[in-house]
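Written out below as structure tokens is the structure these notes cover.
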Amino acid sequence: MIADLLAVRWETLAIVVGTIALAVWAFRSPLRRYDDQPEPLEGIAVQVLRPSQPVQIAVIAHDCVLGRARDSGIVFDDAAVSKMHAKLSLDGGVVTLTDLDSTNGTTLNGVRLVGPATLRRGDRIGLGTNQIVFLGAPPESET
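Right, dumping it as structure tokens:
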């Protein structure tokens, strides 16, 4: 009887220690100085995927409007895309996507965009039947 109680106590202690170790591991954070700012980007690269057209890589050096209007930074010949559909904004090291009250909306990774969203490498932007893949900073030769 006493051996059974001691076994239960040791098992309980092992579970508690394991849980604490797991919590410490999960909540650890890398050392980061708070005065570190994101590295400013001089431009970004995006991959433009249009139905039945070759893939295009575009390098954007400043804020860019995506849409059907001929003066847009990236032009889409698609009735599902508004003239001024969405905007990519570069602010230091952060790239933000904003829907410009387009008729059909903009999606980010398959979810309809409600407000401005910060982009990460690999994010997929949907405008009608078109896709844009955010590639991040362009290769050194293209800046």
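Each number in my numbering comes from the position in the sequence shown (counting from 1) with 468 added on. Here a beta-carbon is modelled for each residue, glycine too, at the ideal position from N, C-alpha and C.
In three-state DSSP terms, what is SER609? Confidence is the limiting factor: at SER609 the pLDDT is only 49, short of 50, which leaves the residue's position unreliable and the question unanswerable from this model.
Checklist line | Span of the beta strand (DSSP E) around VAL527 | finding: According to the DSSP assignment, VAL527 belongs to the beta strand (DSSP E) that extends over 524 to 528.
Quick one: using the 10 Å Cβ neighbour count with 16 as the cut-off for buried, is SER520 buried or exposed? exposed
CB-CB length for ILE525 against CYS532, believed under 8 Å:
That belief does not hold up - the Cβ atoms of ILE525 and CYS532 are roughly 14 Å apart, past 8 Å.
Pair within 7 Å by beta-carbon distance, THR571 and LEU581: no
| task | Check each candidate in THR586, ALA585, ASP546 and LYS551 and name the one with the smallest Cα separation from THR597. | result | ASP546
key: Buried or exposed by the 16-neighbour rule on C-beta atoms within 10 Å, applied to VAL485   = It counts as exposed.
Should PRO522 go down as buried or exposed, given a rule of 16 or more other Cβ atoms within 10 Å for buried?
exposed
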